[in-house]
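So the protein lines, in turn, are chains G, S, W and V. Sequential numbering from 5 applies to the first sequence in our numbering. Sequential numbering from 5 applies to the second sequence in our numbering. Sequential numbering from 17 applies to the third sequence in our numbering. Sequential numbering from 17 applies to the fourth sequence in our numbering. Ideal Cβ positions, reconstructed from N, Cα and C, are used throughout, including at glycine. These numbers were taken from a predicted model, which means no experiment stands behind them. To start, the structure itself, in structure tokens.
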Amino acid sequence: MKILYFAWLKTKLGISEETVACSAEIRDVDSLVAWIKSRGPQFQEAFIDMDVVRIAVNQEYVITNVPLKDGDEVAFFPPVTGG
Amino acid sequence: MKILYFAWLKTKLGISEETVACSAEIRDVDSLVAWIKSRGPQFQEAFIDMDVVRIAVNQEYVITNVPLKDGDEVAFFPPVTGG
Amino acid sequence: MIRVQPEVFETGQEIERLTAGRTDIGAVVSFTGLVRDFNDGSDVTSLTLEHYPGMTERELEKIEEEANSRWDLQASLIIHRFGTMGLGEPIVLVVTASAHREQAFEAASFLMDWLKTKAPFWKQEENSSGTLDWVKERQSDIEAAKRWKD
Amino acid sequence: MIRVQPEVFETGQEIERLTAGRTDIGAVVSFTGLVRDFNDGSDVTSLTLEHYPGMTERELEKIEEEANSRWDLQASLIIHRFGTMGLGEPIVLVVTASAHREQAFEAASFLMDWLKTKAPFWKQEENSSGTLDWVKERQSDIEAAKRWKD
Chain G
5 MKILYFAWLK
15 TKLGISEETV
25 ACSAEIRDVD
35 SLVAWIKSRG
45 PQFQEAFIDM
55 DVVRIAVNQE
65 YVITNVPLKD
75 GDEVAFFPPV
85 TGG
Chain S
5 MKILYFAWLK
15 TKLGISEETV
25 ACSAEIRDVD
35 SLVAWIKSRG
45 PQFQEAFIDM
55 DVVRIAVNQE
65 YVITNVPLKD
75 GDEVAFFPPV
85 TGG
Chain W
17 MIRVQPEVFE
27 TGQEIERLTA
37 GRTDIGAVVS
47 FTGLVRDFND
57 GSDVTSLTLE
67 HYPGMTEREL
77 EKIEEEANSR
87 WDLQASLIIH
97 RFGTMGLGEP
107 IVLVVTASAH
117 REQAFEAASF
127 LMDWLKTKAP
137 FWKQEENSSG
147 TLDWVKERQS
157 DIEAAKRWKD
Chain V
17 MIRVQPEVFE
27 TGQEIERLTA
37 GRTDIGAVVS
47 FTGLVRDFND
57 GSDVTSLTLE
67 HYPGMTEREL
77 EKIEEEANSR
87 WDLQASLIIH
97 RFGTMGLGEP
107 IVLVVTASAH
117 REQAFEAASF
127 LMDWLKTKAP
137 FWKQEENSSG
147 TLDWVKERQS
157 DIEAAKRWKD
């Protein structure tokens, strides 16, 4: 599945987009976040406060844990500040 | 003093502006209205319901009886409908 | 700034003029009132606005001052036309500029509500049979104006 | 109608286009958000907006649909820019047209409030020392959005 990062999440991680395969370890939003955080200190730090991380699955906001499958698009970003 | 009529008051009376001298009989807004109403049936009718007549003295709304003097400008008009 | 005029105006041009060269304005709200072909259940072919020259300007200035005392505005504009207007033509324009959007929105809404119940203008509608009718005061306008205490 | 674009737009032209040839519209409200030189206590020299292509359009469309379901609108428009913008340039435009002014005012205010808290845009400000800062979410925007129940 495609993972997208925006705004300071993108600059902090130095990644805007990556592809991750679903697995027994990465099967829903919560396990995806846990896996991302395990990748190193900058990942751990970026996701330390989930109150300032918004999540969209297939371009729709999600606020609860939802299952993921290959082909999904998951985006992580800070609270929006447009307008 | 100068008396002005606007909108349906003007069309009903057929007068847009006239000059009336202050006197013992015409000394404030109430007595001016009483005098105007005494001038004939169309005057009587136009001023029969003072709830739909707004009054301005020297271009300021008045809602109570105020004294008048020569040189004043008194206007009678219906509730406004601009905008 | 207020203007009372028979001429048509262009909303965009007026907004442009009000904000040109300024970099301190964050929010601009405009309200344009247009002549529409249908009002209170009857067709309209043209609209004529009578007003009270002199008092109109005074009232509009007072209303604008009041808005500026209640909200933090960086610029404001009221234009109101008089005379005869065709369908789709603009009648009135209110523009408010502020650093913050709620201020600009509220002030514009207030300006329209007070203008509707205080500025000495009277509308006369012509319909397709050629009849001229004075427009009646609307209860909804009176209620709207009451939202903002005197 | 919604548009997401890097190009500058002109508020007047957009209003004109939305209402051209129509005689059923009585009230048009526009909101324009501009880049200002000062924000949350620091000077700003330019603004860059990042967005989430695809989701942005979807969210704006949903917000516009929601406004049309809540208010009786005859036309509506949302334009939001992305990319780098200079001081005084427009960022966002919302236009609502209705037969009645309260409808147009409320819908425009709603569109801005929801857009501010839902549309995936992120502002980055550059100041005079060349520092780039991500703009923080504002509590006042969250409160404003809460006025309109989900």
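1. Grab me the residues of Lys134(W)'s own chain with a C-beta within less than 7 Å of its C-beta, minus the 5 sequence neighbours each way, in chain order.
2. Would you kindly work out how many angstroms separate the C-alpha atoms of Leu103(W) and Gly37(V), rounded to a whole number?
3. Shortest alpha-carbon distance to Ala160(V) belongs to which of Asp129(W), Glu159(W) and Phe121(W)?
4. Look up Ser46(V) in the DSSP assignment and give the residues it is bridged to.
5. Sort Val70(S), Gln63(S) and Lys73(S) by Cα distance to Phe81(S) and report the nearest one.
6. For Gly49(V) and chain G, any beta-carbon pair shorter than 8 Å?
7. Residues of chain S with a CB under 8 Å from the CB of Met128(W): which are they?
8. Can at least three beta-carbon pairs, one atom from the stretch 43 to 54 of chain V and one from the stretch 113 to 128 of chain V, be found at a separation below 8 Å?
9. Do the CB positions of Val57(G) and Leu8(G) come within less than 8 Å of each other?
10. With a threshold of 8 Å between beta carbons, is Lys165(W) in contact with chain S?
11. For chain V, check one thing: does any of its Cβ atoms lie closer than 8 Å to the Cβ of Ala11(G)?
12. Which complete beta strand (DSSP E) runs does the stretch 26 to 86 of chain S hold, if anything under 3 residues is left out?
13. Can you tell me where the beta strand (DSSP E) holding Met101(V) begins and where it ends?
14. Report yes or no: do the stretch 56 to 71 of chain V and the stretch 136 to 153 of chain V share at least 3 C-beta pairs separated by less than 8 Å?
15. Taking the alpha carbon of Val20(V) as the point to measure from, which residue in Trp164(V), Ile107(V) and Trp130(V) has its own alpha carbon closest?
16. List, in order along the chain, the chain V residues whose C-beta lies closer than 9 Å to that of Phe121(W)?
17. If you draw a straight line from the alpha carbon of Glu32(W) to that of Pro71(G), how long is it in whole angstroms?
18. I'd like to know if Val84(G) contacts chain V, where contact means its C-beta is closer than 8 Å to some C-beta of that chain.
19. So, with DSSP's three-state summary, where would you put Thr119(S)?
20. With a threshold of 16 other CB atoms inside 10 Å of the CB of Ala28(S), please say whether the residue is buried or exposed.
21. Which same chain residues, not among the five before or five after Phe51(S), have their C-beta less than 7 Å away from its C-beta?
22. Going straight from the alpha carbon of Glu23(W) to that of Arg97(W), what length do you get?
23. Quick check: what's the CA-CA separation for Trp130(W) versus Leu109(W)?
24. Applying the 10 Å Cβ sphere with the 16-neighbour rule, what's the burial state of Ala25(S)?
25. Going by DSSP, what residues sit across from Asp149(W) in a beta bridge?
26. So which residues of chain V does Phe81(G) contact, with C-beta pairs closer than 8 Å?
27. In chain order, what residues of the same chain lie with their CB nearer than 6 Å to the CB of Val66(G), ignoring the 5 residues before and after it?
28. Provide the residue(s) that pair with Phe126(W) in DSSP beta bridges, ordered along the chain.
29. Taking only beta carbons into account, state which residues of the stretch 55 to 66 of chain S come closer than 7 Å to chain W, listed in chain order.
30. In its own chain, which residues sit with a C-beta less than 6 Å from the C-beta of Ala79(G), not counting the 5 before and 5 after it?
31. If you draw a straight line from the alpha carbon of Arg163(W) to that of Asp34(G), how long is it in whole angstroms?
Taking the coordinates as given:
1. For the purposes of this step, residue 134(W) is taken as the residue at position 118 of the third sequence. Result list for Lys134(W): Glu75 and Ile79, in chain order.
2. Residue 103(W) sits at position 87 when you count from the first residue of the third sequence. Residue 37(V) sits at position 21 when you count from the first residue of the fourth sequence. Distance between the alpha carbons of Leu103(W) and Gly37(V) is about 9 Å.
3. By 1-based counting over the fourth sequence, the position of residue 160(V) is 144. Out of Asp129(W), Glu159(W) and Phe121(W), Phe121(W) has the C-alpha closest to the C-alpha of Ala160(V).
4. Position 30 of the fourth sequence, counted from the start, is the residue given in the question as residue 46(V). Partner(s): Ser46(W) and Val111(V).
5. Mapped onto the second sequence, residue 81(S) falls at position 77. The shortest C-alpha separation from Phe81(S) is found at Gln63(S).
6. For this step, residue 49(V) is matched to residue 33 along the fourth sequence. So yes, Gly49(V) belongs to the interface.
7. Mapped onto the third sequence, residue 128(W) falls at position 112. The answer, in chain order, is Gly87.
8. yes
9. What you label residue 57(G) is simply residue 53 of the first sequence in a count that begins at 1. What you label residue 8(G) is simply residue 4 of the first sequence in a count that begins at 1. Contact flag unset, no.
10. Within the third sequence, numbered from 1, the residue matching residue 165(W) stands at position 149. False, the Cβ-Cβ gap to chain S never drops below 8 Å.
11. Sequence index remark: in the first sequence, residue 11(G) carries index 7 (1-based). Yes, contact with chain V.
12. 58 to 61, 64 to 66 and 77 to 81
13. Mapped onto the fourth sequence, residue 101(V) falls at position 85. Note, Met101(V): beta strand (DSSP E), Gly99 to Gly102.
14. yes
15. Within the fourth sequence, numbered from 1, the residue matching residue 20(V) stands at position 4. With distances taken between Cα atoms, Val20(V) lies closest to Ile107(V).
16. For the purposes of this step, residue 121(W) is taken as the residue at position 105 of the third sequence. What Phe121(W) touches in chain V: Val45, Phe47, Phe121, Ala124, Ser125 and Met128.
17. Mapped onto the third sequence, residue 32(W) falls at position 16. Mapped onto the first sequence, residue 71(G) falls at position 67. One C-alpha to the other measures close to 50 Å.
18. Walking along the first sequence from the start, residue 84(G) turns up at place 80. With 8 Å as the cut-off, Val84(G) counts as an interface residue toward chain V.
19. The requested residue 119(S) does not occur in the structure, where chain S is confined to residues 5 to 87.
20. In the second sequence, residue 28(S) corresponds to position 24, counting from 1. So Ala28(S) ends up on the exposed side.
21. Numbered from its first residue, the second sequence carries residue 51(S) at position 47. Cβ neighbours of Phe51(S) beyond the five flanking positions: Val37, Ile40, Lys41 and Val57.
22. Counted from its first residue, the third sequence places residue 23(W) at position 7. Counted from its first residue, the third sequence places residue 97(W) at position 81. Their backbone Cα atoms lie some 7 Å apart in a straight line.
23. In the third sequence, the residue the question calls residue 130(W) occupies position 114. In the third sequence, the residue the question calls residue 109(W) occupies position 93. Approximately 13 Å between the Cα atoms of the pair.
24. Taking the first residue of the second sequence as position 1, residue 25(S) is located at position 21. Looking at its Cβ environment, which holds fewer than 16 other Cβ atoms inside 10 Å, Ala25(S) is exposed.
25. In the third sequence, the residue the question calls residue 149(W) occupies position 133. Glu141(W), per the DSSP bridge assignment.
26. Here residue 81(G) is taken as the residue at index 77 of the first sequence, counted from 1. What Phe81(G) touches in chain V: Tyr68, Pro136 and Trp138.
27. Walking along the first sequence from the start, residue 66(G) turns up at place 62. Closer than 6 Å at the Cβ level, and outside the excluded window around Val66(G), lie Ile59.
28. Indexing the third sequence from 1 puts residue 126(W) at position 110. In the DSSP output, where bridge partners are listed per residue, Phe126(W) has none listed.
29. Ala60 and Gln63
30. Within the first sequence, the letter at position 75 stands for residue 79(G). Same-chain partners within the cutoff: Leu8 and Ala60.
31. Here the question's residue 163(W) lines up with position 147 in the third sequence. Here the question's residue 34(G) lines up with position 30 in the first sequence. Using only the alpha carbons, I get a separation of about 48 Å.
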